[in-house]
Structure formats: C-alpha cells, structure tokens
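Residue numbers (UniProt numbering): 1 to 207.
All residues carry an ideal CB built from backbone N, CA and C; glycine is no exception.
Right, one structure below, let's go through it.
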C-alpha cells in the first residue's frame, strides 16, 4: 500500500505554510511511459521564495528522448549519460515534497509523472496540490483561446513578472513560484486564505 506524502494542516493560512514549486522536463508527453529527464524546485516559505533553497537535477532516463522534446528543453541523451537514475535520487524528491504543498503549472502533468516515480518506493503525492493554471482560470486571467492550458510565460508577462529561462526545469519552477505568489495574493481579497482554499480553487478550476 502506498502512503501519501505528508502535507501541512489544510487550515493553515497560506502565508504560514511551505510550498514546493516543481517543474519537470521529460522524454515526451506520454504520461504512462515517458521518463523524467530533469526537475527543478523552488520553495515558497512565509510568502517568499528563498533563492538559496532551489534545486535542479538532471536524470538519466530509460526511454530515449524524443526529437520533439529535445527541441523544447535541449537535453540530449549524451547530456544525460552521466546523470543519476531517477531511483537513485527519488529520496530527494520525497524530501522536497514532504510537509509541503506541491505547486505546478498544469499540475496534472507533474502529478502523473511524480506518482509513477514514487510508486516503486511506496509513496504517492499528497492530495493537496495547487495548480497555477487553475488559479489563472479562477481569476479569469487565463485568456481566451483553444481550451489548452494557459501558457506559463505569457501569463507571467501579463502580470508584469519576469520569465526565467523558459523550458529549463529550474527556470520554469522559479517563474511558476513568482506566478503563484502573485495569484495567491490576488485571491486573498483582504481575507485569510488557507491551504485548503487554494487546493479547492485549484480542484474546482482544474482542466
């Protein structure tokens, strides 16, 4: 039986909770078969992003990196040959997520890859997840278009936020962390916003 990773008390005001903003780059977009090739994480603590507490790691995949994916993130098989296997660093991912709320942009993608990676080690992600794409929809900031997830870089620029190295796991994690802070602040509206509130909003407006 897999155990869900522990998170903060859902009643905790969001500014008093810790969040792990995570971004993954992968060999492709098949959620059931493709592999993680890199991950970047930025922590949010006390409503701030401590720049000294960021993590970036490349991972050696089992599945070949598709040409389409290389054109996005630039990581080739030769670049990853000396990287550790995911099983050798999954403890780091567990440590990053334990006691914190997972935040991601279009979080269903990250959650699918993470749950598959954690499965062999008896873990699964916590129920509490915050999706910045869903928060954009909740605030009617997602823009109109095709029904696809709102673009991370475009959303950040729309709110006057800097964009950090697009399609690099740590760059996207940092951009997402700043976007999360901006959106959570807007959602407060002069009231106490809890972890539960953010997760419920995310679930209600999920794709």
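Q. Is it true that the segment 47 to 59 meets the segment 131 to 141, where meeting means three or more beta-carbon pairs spaced less than 8 Å apart?
A. With a cut-off of 8 Å, the segment 131 to 141 and the segment 47 to 59 do not count as touching, because too few Cβ pairs lie within range.
Q) If you draw a straight line from the C-alpha of residue 148 to the C-alpha of residue 142, how long is it? A) Translated into the one-based positions of the chain shown, residue 148 becomes position 148. Translated into the one-based positions of the chain shown, residue 142 becomes position 142. Taking the CA atoms as reference points, residue 148 sits about 10 Å from residue 142.
Q: Please confirm whether residue 18 and residue 101 have their CB atoms less than 9 Å apart.
A: Locating residue 18 in the chain shown gives position 18, where the first residue counts as 1. Locating residue 101 in the chain shown gives position 101, where the first residue counts as 1. Taking 9 Å as the Cβ cut-off, residue 18 and residue 101 qualify as a contacting pair.
Q. Do you know how far the Cα of residue 85 is from the Cα of residue 150?
A. As a working mapping, residue 150 is identified with position 150 in the chain shown. As a working mapping, residue 85 is identified with position 85 in the chain shown. A straight-line Cα-Cα distance of about 31 Å links residue 150 and residue 85.
Q. Which partner residues does residue 36 have in the DSSP bridge list?
A. Taking the first residue of the chain shown as position 1, residue 36 is located at position 36. According to DSSP, residue 36 bridges with 26.
**Q.** Length-filtered (4 minimum) alpha helix (DSSP H) runs lying within the segment 101 to 181
**A.** Correct list: 107 to 119, 132 to 138 and 152 to 158.
Q) How would you call residue 120, buried or exposed, if buried means at least 16 neighbouring beta carbons within 10 angstroms? A) For the purposes of this step, residue 120 is identified with residue 120 of the chain shown, where counting begins at 1. Residue 120 is exposed by the Cβ-count criterion.
(Q) Do residue 197 and residue 105 have their beta-carbon atoms positioned less than 9 Å apart in this structure? (A) By one-based count along the chain shown, residue 105 stands at place 105. By one-based count along the chain shown, residue 197 stands at place 197. By the CB criterion at 9 Å, residue 105 and residue 197 fall outside the cutoff.
Q) Count the other CB atoms within 10 Å of the CB of residue 74; is the residue buried (16 or more) or exposed (fewer)? A) Taking the first residue of the chain shown as position 1, residue 74 is located at position 74. Exposed, because fewer than 16 other Cβ atoms sit within 10 Å of the Cβ of residue 74.
Q. What are the start and end residues of the alpha helix (DSSP H) that includes residue 54?
A. Mapped onto the chain shown, residue 54 falls at position 54. Element bounds for residue 54: not the alpha helix (DSSP H) but the beta strand (DSSP E), 54 to 58.
Q) Based on Cα-Cα distance, which residue from 122, 81, 82 and 39 lies nearest to residue 208? A) Not covered by the structure: residue 208. The range shown for the chain is 1 to 207.
Q) So, helix, strand or coil for residue 199, using DSSP? A) Here residue 199 refers to the residue found at position 199 of the chain shown. In this structure, residue 199 counts as helix in the three-state DSSP scheme.
Q) If you drop the 5 nearest sequence neighbours on each side, which residues of the same chain put their C-beta closer than 6 Å to that of residue 171? A) Taking the chain shown and counting its residues from 1, one reaches residue 171 at position 171. Here the set comprises 164 and 165.
Q: Counting only the same chain and skipping the five closest in sequence on each side, list residues whose C-beta sits under 7 Å from that of residue 72.
A: By 1-based counting over the chain shown, the position of residue 72 is 72. Result list for residue 72: 167, in chain order.
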